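If you read the sequences in order, they're chains D and R. Going left to right, the first sequence walks through residues 85 to 819 as this note's numbering numbers them. Going left to right, the second sequence walks through residues 5 to 160 as this note's numbering numbers them. Cβ atoms here follow ideal geometry from the backbone N, Cα and C, with glycine treated the same way. Every value quoted in this text rests on a predicted model; they were computed, and no experiment measured them. Here's the structure, in structure tokens; my notes come after.
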Amino acid sequence: MIRALHRWPGLLALALVTILSLSGAALSVFPAAERIAAPQAEAGLTVAALADRIQAIYPGVEQIRRAPSGRITAYWFDQGAPGAAVIDPATGEGVASADPNQAERWLTNLHRSLFLGDGGRIAMAAGAAAMLVLSLSGAALVVRRAGGWRHWFARLRGPLAGRLHVEIARIAVVGLVLSSTTALWMTASTFDLLPDGGAIAAAPTEVSGETGFALDRMPTLQQTPVAELRELSFPYPGDATDVFTLKTDRGTGYLDQGDGALLAWADLTGWERVSETIYMLHTGQGAATLGLVLGLMALGVPAMGATGVLVWLAGRRGRPRIRGNQPAGRAETILLVGSEGGSTWGFAATLQAALTEAGQSVHVGPMSAFTPERYTSAQRIILLAATYGDGAASASAKGFLDRLNASDRAPNIPLAVLGFGDRSFPAYCAFARDVAAAAQAKGWPELLALDTIDRQSPQDFARWGRALGDVLGIALELSHQPVLPTSETLTLVSRRDYGAEVQAPTAILRFALPRVSLWQRLLGGGFARFQAGDLIGILPEGGSVPRLYSLASGRRDGFIEIVVKRHPGGLCSGQLTALEPGETVSAFLRPNPGFRPGRSRAPLILIGAGTGVGPLAGIVRGNARRRPVHLFFGMRHPDSDFFYGEELATWQDEGRLSRLVTSVSRGARPHYVQDALRCEATQVAELIRNGARVMVCGGRDMAAGVADALAEILAPTGLTPAVLKAEGRYVEDVY
Amino acid sequence: MKSLLATLALTTALTLPGLAMARPVTLTTTLNNYGGDGAYLALYVTDTSGAYVGSLWMAGGKSKYYEHLSDWYRATGGDTAQVNGITGASVGAGRTLEITLDLADALFDAGYTLHIDAAVEDMRDSPNEVAVPLTTDGAGTPVTGRRYIASFAYDM
């Protein structure tokens, strides 16, 4: 919802807010320039003295005005000819032309009305409203993404365009909210929608009838410092009934030209004061520095427009097109998708196409858009729910469970839940199970029992489709070809072999970086950005499902490296370990944001065994900042599978690695990496108490052993691995 | 329609004898190239003693700027009811404003004066830009304003 509130006003109003911001930024320079150029009055100068000086030089003076910048302008008639000049208050003499700056006038008219009069003013006000909606919805998105206001300036991840967008936005949003709200206020004021009109003092009925009282002796003018002056209008020459009109920061009054008496006075109303403050905040007139700051912030708008469009395009590409999607209110089948990377959308598209083919009307949407009251024609609801990480809701399902739990009762429309996950994870389809359990607890009628799809299996999906077809009384054949991310061809440049002696042939494979286009760089696609710990998917020849491997190198290393152990009968590992330099594989990148060392300078405790050491070695290699890193390395035998043995020594000399603790599992006394941890219990506990971050990579059994060992080690400190996990200080990459 | 409204506005503002006798009068105001945004103009009538009698036309739609037409504003207290139905757009530099109104015969040769106040954003306010006595002889004789008006004439 918030995203839609951000996306559509952004795309629709892009041109308008770009014009607004560019012209606004240009206009912000003028008040500052005027402030610098205008001769300022000396401190303590009174209006009486100033008016007297000016009148001595221009006897026909009619009006004296002071702009918020301090610029003083006088208007006079000299033998019937009108004259005007910017006045130097020290002398009362004209020093510059008072004509309006034509460039400023042109920009002002563009900025407020596109040269189109009232219609243009309303269009520009709509632009300002769009800017406000964009700022607020954008701020809500940043807060949601960062996990709260406290993390407003948290480090950003992801493709360049998205990062730039947020980077600019979180600084500029303050200025944009200020500029757009004040703009809306000013428009309302211009169209008389606010009661902020000036109060006028009642015109005096009794005047002295005399003329010629000396200006510098008028008490009111003597008491008014020039800094408070806005305007002093002189009476018509020869008209004894006319008066001086004085406007100051405090109000408006009339002065008798015969005796200088104050005849009437009206203070500014509260509304007027508010409107004037808002005018100052918007234009920077009277607050030139603020104006410049706002102008700078406005310059961020075109950049955010461009990056925003790129982000939108990238998001669109991730999802398959759904043809003939029906509105939620008219569809018989409501198909809701909870997907993280977008692959579940592909299944949804296949299902939607098959159901539509069978004559059904289907609405497809994200689970986060769950609104049962809109499903007035629905006869069934189908949820395709992927699980993210350790059982969390995937991106497009955020808020679904909260909404379901908060509702009084579940909709009376039969429900089928299909979970998507990877059976090798303990939390297999955990989110789908949570959803199914919550639905059952709410008494939601069941259309089909919970079923699951393992690793995007087309066979599982086809089987579930037949079951669904049976319930619906139609023949439903779902043949889904998972849409694989666009693959790149990687060429092997070198390989190092290990482990033959311990019956675990393993190779460190190094591939050349593929060429990255500018487009990929902007959108973060392909291999434009990756670091050690991210994953690459490799599709083996003759296989349909890609296998994922942890990267042992980052983009900065200039190559792509993985550590692969050959599994007996393993299709992909077999092909990879047989690869010779010069040969190629096709691969794609899958970011793994949950397994990163982070930017902090707190010590790192890296724990890995076997091929799991690969990404940890990559993290050590990338540790140019010499962050304290303690590596616990479990191997079978130092002579056979001590991966990166030589480099680790070098990295230790260079300060990239503070300490290396190895454990050897083959021999008279098997020693596992968790045993090594226990031996170093005191130091490990000390490090963790001081904020160290723990990263574990390797097999499932090893990870479980490490968690047990850490629980023991941390028991005296009162910390547990679970607490560390919740704080994001204990991350695992387990296979 | 415009002239009808103008007559109505005048009849409510002015209680003049013999108002039934009215004739169409064309007021032509041409501005000089003063190099600013559109000018606000207030056209109104005062009597022999200089007291405000009624408004003929207001060029400029935003009442928040009327205070810059300072004589008109002081005379009417900024009362927008005075120009209800006889308000038009502001007049650009170098442009001409031509309006035709049914004016009562009694307004002519009776000591009434037609005034124009003018104001332009970020430029000087020019109250009493033009002040011409309403006489049958004076009809068709152009006069020049003080700052913004190149020529003003009323024709019967």
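Can you look up ALA779(D) in the DSSP assignment and give me helix, strand or coil? Walking along the first sequence from the start, residue 779(D) turns up at place 695. Strictly speaking, residue 779(D) in this sequence is Met, with Ala absent from that position. For MET779(D), the three-state secondary structure derived from DSSP is strand.
Is the beta carbon of LEU96(D) closer than 9 Å to that of ALA245(D)? Translated into positions along the first sequence, residue 245(D) becomes position 161. Translated into positions along the first sequence, residue 96(D) becomes position 12. No; because the gap between Cβ atoms is not below 9 Å, this pair is not in contact.
Using a beta-carbon distance below 9 Å, is MET5(R) in contact with chain D? Translated into positions along the second sequence, residue 5(R) becomes position 1. Any reading at MET5(R) must be qualified, since the residue scores a pLDDT of 35, below 50, and its modelled position is unreliable; the value itself is stated next. It does not: the Cβ of MET5(R) has no partner Cβ on chain D nearer than 9 Å.
Contacting residues, own chain, Cβ-Cβ under 6 Å from THR428(D) (five flanking each side not counted): Counting from one through the first sequence, the residue named residue 428(D) turns up at place 344. Taken in chain order, the residues that qualify are VAL421, LEU468, ALA470 and PHE504.
Counting contacts by CB-CB distance shorter than 9 Å, is GLY92(R) in contact with chain D? On the second sequence, residue 92(R) is found 88 positions in, with the first residue counted as 1. With 9 Å as the cut-off, GLY92(R) does not count as an interface residue toward chain D.
According to DSSP, residues forming a beta bridge with LYS331(D): Taking the first sequence and counting its residues from 1, the one referred to as residue 331(D) is at position 247. Answer is GLU315(D) and THR336(D), bridged to LYS331(D).
Nearest-angstrom Cα separation, counted from SER359(D) out to ASP172(D): The residue you call residue 172(D) lines up with position 88 of the first sequence. The residue you call residue 359(D) lines up with position 275 of the first sequence. Taking the straight line from one Cα to the other gives about 29 Å.
Which residue marks the beginning of the beta strand (DSSP E) containing THR746(D), and which one marks its end? In the first sequence, residue 746(D) corresponds to position 662, counting from 1. Segment 743-748, the beta strand (DSSP E) holding THR746(D).
Within 9 Å of any Cβ in chain D, is that where the Cβ of SER67(R) sits? One-based indexing of the second sequence puts residue 67(R) at position 63. Cβ-Cβ to chain D under 9 Å: yes for SER67(R).
With distances taken from CA atoms, which of PHE717(D), ASP518(D), LEU277(D) and TYR159(D) is nearest LYS68(R)? One-based indexing of the second sequence puts residue 68(R) at position 64. Distance from the Cα of LYS68(R) is smallest, within the candidate group PHE717(D), ASP518(D), LEU277(D) and TYR159(D), for LEU277(D).
Under 7 Å between beta-carbons, which chain R residues line up against ALA168(D)? List them in chain order, please. The residue you call residue 168(D) lines up with position 84 of the first sequence. Going along chain R in sequence order, the residues near ALA168(D) (Cβ under 7 Å) are ARG128.
Which chain D residues sit within Cβ distance under 9 Å of ASP41(R)? For this step, residue 41(R) is matched to residue 37 along the second sequence. Those are PRO184, ARG189, THR192 and ASN193, listed as they occur along chain D.
TYR158(R) to THR325(D), Cα distance in whole Å? Numbered from its first residue, the second sequence carries residue 158(R) at position 154. Numbered from its first residue, the first sequence carries residue 325(D) at position 241. When the Cα atoms are used, TYR158(R) and THR325(D) turn out to be separated by approximately 29 Å.
Does PHE161(D) get closer than 9 Å to chain R when you measure Cβ to Cβ? As a position in the first sequence, residue 161(D) is number 77, starting the count at 1. Yes, PHE161(D) counts as interfacial toward chain R.
Taking Cβ positions only, does ALA97(R) come closer than 9 Å to chain D? Here residue 97(R) corresponds to residue number 93 of the second sequence, with the count starting at 1. ALA97(R) does not count as touching chain D.
For the putative contact between LEU47(R) and VAL95(R), defined by C-beta atoms under 8 Å, what is the C-beta separation to the nearest angstrom? Looking up residue 47(R) in the second sequence gives position 43. Looking up residue 95(R) in the second sequence gives position 91. About 11 Å; that fails the 8 Å criterion.
In whole angstroms, give me the CA-to-CA distance for LEU104(D) and GLY204(D). The residue given as residue 104(D) occupies position 20 in the first sequence. The residue given as residue 204(D) occupies position 120 in the first sequence. If you take the alpha carbons of LEU104(D) and GLY204(D), they lie about 12 Å apart.
Could you round the C-beta distance between LEU808(D) and LEU761(D) to whole angstroms and report it? I think they count as a contact, below 8 Å. Within the first sequence, residue 808(D) is the residue found at index 724, counting from 1. Within the first sequence, residue 761(D) is the residue found at index 677, counting from 1. Actually they do not touch by this definition, with Cβ atoms about 14 Å apart.
Report the residue ranges of all beta strand (DSSP E) runs contained in full by the region 455-519 of chain D; include only those spanning at least 3 residues, in chain order. 464-472 and 499-505
Among GLU356(D), LEU100(D), ILE537(D) and ALA442(D), whose alpha-carbon lies nearest the alpha-carbon of CYS513(D)? Along the first sequence, one-based indexing puts residue 513(D) at 429. The candidate whose alpha carbon is nearest that of CYS513(D) is ILE537(D).
Exposure of GLY149(R), with buried meaning 16 or more beta-carbon neighbours within 10 Å: Along the second sequence, read from residue 1 onward, the residue named residue 149(R) stands at position 145. The residue is buried, with at least 16 neighbouring Cβ atoms inside 10 Å.
Taking CB distances under 9 Å as the criterion, tell me whether SER461(D) reaches chain R. Taking the first sequence and counting its residues from 1, the one referred to as residue 461(D) is at position 377. Cβ-Cβ to chain R under 9 Å: no for SER461(D).
With DSSP as the reference, label MET62(R) as helix, strand or coil. The sequence position of residue 62(R) within the second sequence is 58, counting from 1. Note: MET62(R) maps to strand in three-state DSSP.
Can you determine whether any heavy atom of the ligand PLP sits closer than 8 Å to the C-beta of VAL124(R), and answer yes or no? The model depicted lacks the ligand PLP and carries no ligand whatsoever.
Please state the DSSP three-state secondary structure of ASP75(R). As a working mapping, residue 75(R) is identified with position 71 in the second sequence. The answer is helix: DSSP assigns ASP75(R) an H, G or I state.
Excluding five sequence neighbours on each side, which residues of the same chain lie with their C-beta closer than 6 Å to the C-beta of THR801(D)? Here residue 801(D) refers to the residue found at position 717 of the first sequence. Within the same chain, THR801(D) has close Cβ partners ALA769 and ARG773.
Sorted by chain position, which residues of the same chain lie with C-beta nearer than 7 Å to LEU606(D)'s C-beta, five sequence neighbours on each side aside? Walking along the first sequence from the start, residue 606(D) turns up at place 522. So the qualifying residues of the chain are LEU244, ALA245 and LEU394.
C-beta contact flag for GLU38(R) and ALA97(R) at 9 Å: Working through the second sequence from its first residue, we reach residue 38(R) at position 34. Working through the second sequence from its first residue, we reach residue 97(R) at position 93. What sits at residue 38(R) in the sequence shown is Tyr, not Glu. Between TYR38(R) and ALA97(R), the gap from beta carbon to beta carbon is short of 9 Å.
Report the residue from GLU811(D), VAL778(D) and ALA765(D) whose alpha carbon sits nearest the alpha carbon of ALA799(D). Here the question's residue 799(D) lines up with position 715 in the first sequence. Closest option to ALA799(D), Cα to Cα, is ALA765(D).
Output yes or no for whether 9 Å exceeds the beta carbon distance between ALA523(D) and LEU499(D). Taking the first residue of the first sequence as 1, we reach residue 523(D) at position 439. Taking the first residue of the first sequence as 1, we reach residue 499(D) at position 415. Against a cut-off of 9 Å, the Cβ pair of LEU499(D) and ALA523(D) comes out as a contact.
Cβ of ALA787(D) within 9 Å of Cβ of VAL778(D)? The sequence position of residue 787(D) within the first sequence is 703, counting from 1. The sequence position of residue 778(D) within the first sequence is 694, counting from 1. It is not a contact, given that the beta carbons lie outside the stated cut-off.
Give the secondary structure of THR11(R) by DSSP, where H, G and I count as helix, E and B as strand, and everything else as coil. Within the second sequence, numbered from 1, the residue matching residue 11(R) stands at position 7. For THR11(R), the predicted structure reports a pLDDT of 47, less than 50, and the residue's modelled location is therefore unreliable. A value from the coordinates is still provided. Helix, per DSSP.
Since SER74(R) meets chain D, which of its residues come closer than 9 Å, beta carbon to beta carbon? Sequence index remark: in the second sequence, residue 74(R) carries index 70 (1-based). Those within 9 Å of SER74(R) in chain D are SER317 and THR329.
Mind reading off the beta-carbon distance from THR304(D) to LEU339(D)? Whole number of angstroms is fine, and I expect it under 8 Å. As a working note, residue 304(D) is residue 220 in the first sequence. As a working note, residue 339(D) is residue 255 in the first sequence. With 8 Å as the limit, THR304(D) and LEU339(D) qualify as a contact, their Cβ atoms being about 6 Å apart.
When we look at the beta-carbon of ARG720(D) and count the other beta-carbons within 10 Å, is it buried (16 or more) or exposed? The residue you call residue 720(D) lines up with position 636 of the first sequence. Classified as buried, ARG720(D) has 16 or more neighbouring CB atoms from the shown chains inside 10 Å of its CB.
If we count the other Cβ atoms within 10 Å of its Cβ and call it buried at 16 or more, is TYR459(D) buried or exposed? Within the first sequence, the letter at position 375 stands for residue 459(D). TYR459(D) should be labelled buried.
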